[in-house]
Every structure is written in C-alpha cells, then in structure tokens.
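In our numbering, the protein residues as written are 124 to 287. Every residue gets a Cβ at the ideal spot worked out from N, C-alpha and C, and that includes glycine. The structure appears right after this line, and notes come after that.
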C-alpha cells in the first residue's frame with residue numbers, strides 16, 4: 124500500500140495521506156460480483172477513465188473527457204458492448220452518463236470487468252458523487268462532491284484502487 128493508491132478501509136478511502144468518507148454498494152463488498160447484486164467488488168482495480176459534465180463543472184484534470192447528451196454506459200449482459208461507454212441511440216440496456224442529478228458530474232471509471240467484459244460479472248463500477256452522506260450505491264464507491272473533485276484532479280489513468 125502506497126499513498127498514491129486509493130485504498131478502501133472501514134473508516135474511508137485513503138489517498139495521498141488523506142482519508143475521505145465514502146459510500147459503497149448496498150450489497151456490501153463481494154469477491155464474486157454479479158450484475159445487479161449492488162455489491163462493490165473486492166480486489167485491486169485501476170482508474171480507467173475520467174468523465175465530467177462541462178455544463179456544470181470545469182475539467183477536473185487535463186485528461187478528462189466531457190460527457191455529452193448522447194453518452195451512455197452499457198449495463199446489459201446481452202450487449203456485445205457490455206460494460207463500455209456507448210452512445211445514443213443504443214438498442215440494449217444502458218445507464219445515462221448525463222444524468223439529471225449531480226451524481227455523475229465527475230466520474231472516475233474503473234477497469235472492473237473491462238475492457239474484456241464477462242457478461243453478467245458486473246458493470247459500471249465508478250467513483251462518483253454520493254446521493255447523501257454514506258447512502259449506499261448500486262456497487263460504486265461514492266464520495267462528497269468536493270472530495271471527488273480533489274481526487275479526480277490528482278488521480279491518473281492506472282491509479283490503483285484497493286478494495287480489500
């Protein structure tokens with residue numbers, strides 16, 4: 124464990140010698156993650172991407188990609204593009220990246236079940252803003268909006284995320 128890694132602990136997420144309160148999946152932590160179980164997958168994951176809403180926030184880092192009105196994330200195990208960024212129109216089940224709420228104003232994507240997704244193993248494990256303090260997610264790791272922005276400004280592609 125190094126300060127440059129994001130490490131989930133019972134007391135929060137550690138990164139660069141700071142601790143941030145978090146919310147995890149309503150299904151707890153699981154080693155055998157499945158689509159729809161609401162669990163946060165255990166293991167060592169990595170930051171794979173960074174998206175942001177340009178109509179709401181400034182780019183959190185130079186490598187951040189703006190979220191547009193047609194941006195989606197496939198969460199349908201029957202989709203050949205399962206667990207990837209896709210665009211509208213899309214004939215399979217998906218999640219909107221450009222949400223009406225502020226949860227995805229900044230999103231760090233992970234390499235959980237990506238890029239070679241196994242259908243049904245789980246999709247869209249992101250770091251995003253929480254709905255309210257410590258309110259469970261569908262499997263993601265959620266943080267206070269300002270904490271997420273601080274982390275996004277300092278994380279890079281490949282940054283490790285340890286979920287013991």
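For residue i, which residues from the same chain have a beta carbon less than 7 Å from its beta carbon, with the 5 sequence-adjacent residues on both sides left out?
{"i": "residue 215", "result": "197, 199, 201 and 202"}
For residue i, is the classification buried or exposed, using 16 other Cβ atoms within 10 angstroms of its Cβ as the cut-off for buried?
{"i": "residue 228", "result": "buried"}
{"i": "residue 251", "result": "buried"}
{"i": "residue 166", "result": "exposed"}
{"i": "residue 253", "result": "buried"}
For residue i and residue j, what's the separation of their Cα atoms in angstroms?
{"i": "residue 220", "j": "residue 136", "result": "24 Å"}
{"i": "residue 263", "j": "residue 249", "result": "5 Å"}
{"i": "residue 239", "j": "residue 286", "result": "20 Å"}
{"i": "residue 207", "j": "residue 237", "result": "8 Å"}
{"i": "residue 160", "j": "residue 247", "result": "12 Å"}
{"i": "residue 124", "j": "residue 231", "result": "20 Å"}
{"i": "residue 177", "j": "residue 192", "result": "11 Å"}
{"i": "residue 271", "j": "residue 130", "result": "14 Å"}
{"i": "residue 278", "j": "residue 141", "result": "13 Å"}
{"i": "residue 156", "j": "residue 179", "result": "32 Å"}
{"i": "residue 204", "j": "residue 210", "result": "11 Å"}
{"i": "residue 275", "j": "residue 189", "result": "14 Å"}
{"i": "residue 280", "j": "residue 173", "result": "8 Å"}
Please state if the CB of residue j and the CB of residue i are separated by a distance shorter than 8 Å.
{"i": "residue 195", "j": "residue 168", "result": "no"}
{"i": "residue 182", "j": "residue 175", "result": "yes"}
{"i": "residue 234", "j": "residue 184", "result": "no"}
{"i": "residue 267", "j": "residue 133", "result": "no"}
{"i": "residue 127", "j": "residue 244", "result": "no"}
Please work out which residues of its chain come closer than 8 Å, Cβ to Cβ, to residue i, disregarding the five sequence neighbours upstream and downstream, and give them in chain order.
{"i": "residue 258", "result": "146 and 265"}
{"i": "residue 151", "result": "162 and 163"}
{"i": "residue 224", "result": "254"}
Is residue i near the ligand ZN, judged by its Cβ being under 7 Å from some heavy atom?
{"i": "residue 250", "result": "As for the ligand ZN, it is missing from this structure, which has no ligand bound."}
For residue i, which residues of its own chain have a beta-carbon under 6 Å away from its beta-carbon, when the five flanking residues on both sides are left out?
{"i": "residue 153", "result": "162"}
{"i": "residue 242", "result": "200 and 205"}
- Message: Which runs of the alpha helix (DSSP H) at least 4 residues long sit entirely within the segment 217 to 264? Give them in chain order.
- Response: Whole alpha helix (DSSP H) segments, 4+ residues: zero.
- Task: Kindly provide the ranges of any beta strand (DSSP E) runs that are 3 or more residues long and lie completely inside the segment 175 to 218, ordered along the chain.
- Result: Every beta strand (DSSP E) stretch that sits fully inside the segment 175 to 218 and reaches 3 residues is listed by chain position as 194 to 197 and 208 to 210.
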